[in-house]
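Notes follow once the structure below has been shown.
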Amino acid sequence: MIIETPRLILRPFQESDAGDLLEYLAEPAVSCFASMKLNSVDEAKEASRERARNPEYYFAITLKDSGKVIGEIFTCPEDNEAGTGSAEHPDTFSPCWMLNTAYQKQNYAFEAARAFIDYLFRKKGARRIYAYTEDSNLPGQHLCERLGMRKEGLFVEFVSFIRNPDGTPRYENTYQYAVLRKEWHCSPESSYTDV
5 MIIETPRLIL
15 RPFQESDAGD
25 LLEYLAEPAV
35 SCFASMKLNS
45 VDEAKEASRE
55 RARNPEYYFA
65 ITLKDSGKVI
75 GEIFTCPEDN
85 EAGTGSAEHP
95 DTFSPCWMLN
105 TAYQKQNYAF
115 EAARAFIDYL
125 FRKKGARRIY
135 AYTEDSNLPG
145 QHLCERLGMR
155 KEGLFVEFVS
165 FIRNPDGTPR
175 YENTYQYAVL
185 RKEWHCSPES
195 SYTDV
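For any residue, its number in our numbering is found by taking its place in the sequence shown, counting from 1, and adding 4.
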């Protein structure tokens, strides 16, 4: 699957994306991506191959004019035992997105996330999409709100991705945002191509 927006192409990863991947994962900007840190081109090649194994739900965010990978967006389908979703037909998704810091504050994250969420609703049958963001990540909260997601709650000391200098876990307070298919306003500027 390829998702196209006015300025971006979201496409499956390729091993040749390793250099661009290393560029933004040598020092992940947000602590929730700390475990994804890459230290070498070889690690980046393996990471690109791993991402390529999930072409329905893991996309490289590329600039349409140059093909440069400036980030990624991905999700895993979730079983929903309480609702109608199942392992065969999941209806709940929690996307994550990450952008190279050199390309932030240019609305690329909004453009990519809007197209990806639209894809999940229109092509993957999503009923509910939710996202997490740290209480200190104001740009992430603003992005969720711009996407039309509602703030559902704050999880206090929800998770730890990094350690304090003394070795103890550093817990983060985390907001959850969500939007339902019936609340979603489709993205008419996005197009989809099966590959």
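Virtual Cβ for every residue (Gly too), placed ideally from N, Cα, C.
Being a predicted model, the structure only gives us computed values, none of them experimental.
Contacts around residue i, its chain only, beta-carbon distance under 7 Å, and the 5 residues preceding and following it disregarded
{"i": "D21", "result": "S52, A64 and V73"}
{"i": "L147", "result": "A113, F114 and A117"}
{"i": "H189", "result": "G152"}
{"i": "Q108", "result": "none"}
Local conformation of residue i per DSSP, three classes
{"i": "F78", "result": "strand"}
{"i": "Y61", "result": "coil"}
{"i": "S213", "result": "What is shown of the chain runs 5 to 199, which leaves residue 213 out entirely."}
{"i": "R11", "result": "coil"}
{"i": "Q108", "result": "coil"}
{"i": "P143", "result": "helix"}
{"i": "A56", "result": "helix"}
Residue i versus residue j: straight-line alpha-carbon distance, rounded
{"i": "Y28", "j": "E50", "result": "15 Å"}
{"i": "S164", "j": "G75", "result": "23 Å"}
{"i": "K155", "j": "A135", "result": "10 Å"}
{"i": "Y142", "j": "S195", "result": "Residue identity check: residue 142 is Leu in the sequence provided, not Tyr. Roughly 30 Å between the two C-alpha positions."}
{"i": "M40", "j": "E138", "result": "17 Å"}
{"i": "T79", "j": "A106", "result": "23 Å"}
{"i": "L158", "j": "Y179", "result": "4 Å"}
{"i": "E161", "j": "L14", "result": "33 Å"}
{"i": "P59", "j": "M5", "result": "7 Å"}
{"i": "K68", "j": "T172", "result": "43 Å"}
{"i": "G1", "j": "T9", "result": "As shown, the chain starts at 5 and ends at 199. That puts residue 1 outside it, with no answer to give."}
{"i": "N111", "j": "E149", "result": "14 Å"}
{"i": "N177", "j": "P81", "result": "24 Å"}
{"i": "R57", "j": "E19", "result": "11 Å"}
{"i": "P99", "j": "K127", "result": "15 Å"}
{"i": "F97", "j": "R11", "result": "25 Å"}
Extent of the continuous alpha helix (DSSP H) run through residue i
{"i": "L26", "result": "A22 to L29"}
{"i": "R126", "result": "Y112 to R126"}
{"i": "E8", "result": "It is not in any alpha helix (DSSP H) - E8 instead sits in the beta strand (DSSP E) that spans I6 to E8."}
{"i": "R185", "result": "Run containing R185: none; DSSP gives neither H nor E here."}
Enclosing beta strand (DSSP E) for residue i [first to last residue]
{"i": "K72", "result": "Note, K72: premise wrong, no beta strand (DSSP E); not H, not E."}
{"i": "G152", "result": "First-last for G152: undefined, no H or E at that position."}
{"i": "E138", "result": "R132 to E138"}
{"i": "L42", "result": "First-last for L42: undefined, no H or E at that position."}
{"i": "C100", "result": "C100 to L103"}
6 Å Cβ shell around residue i - same chain, five flanking residues per side excluded
{"i": "R131", "result": "D95 and R185"}
{"i": "R55", "result": "F17 and Y62"}
{"i": "A48", "result": "A22, L25, L26 and L42"}
{"i": "T66", "result": "I13 and V73"}
{"i": "V183", "result": "I133, G152 and M153"}
{"i": "Y123", "result": "I7"}
{"i": "I200", "result": "Residue 200 cannot be examined here, being either before or after the span of the chain that is shown, 5 to 199."}
{"i": "T197", "result": "I6"}
Own chain, CB closer than 8 Å to residue i, minus 5 neighbours either side, in chain order
{"i": "N168", "result": "R174"}
{"i": "F125", "result": "I133, R185, W188 and C190"}
{"i": "E31", "result": "K41"}
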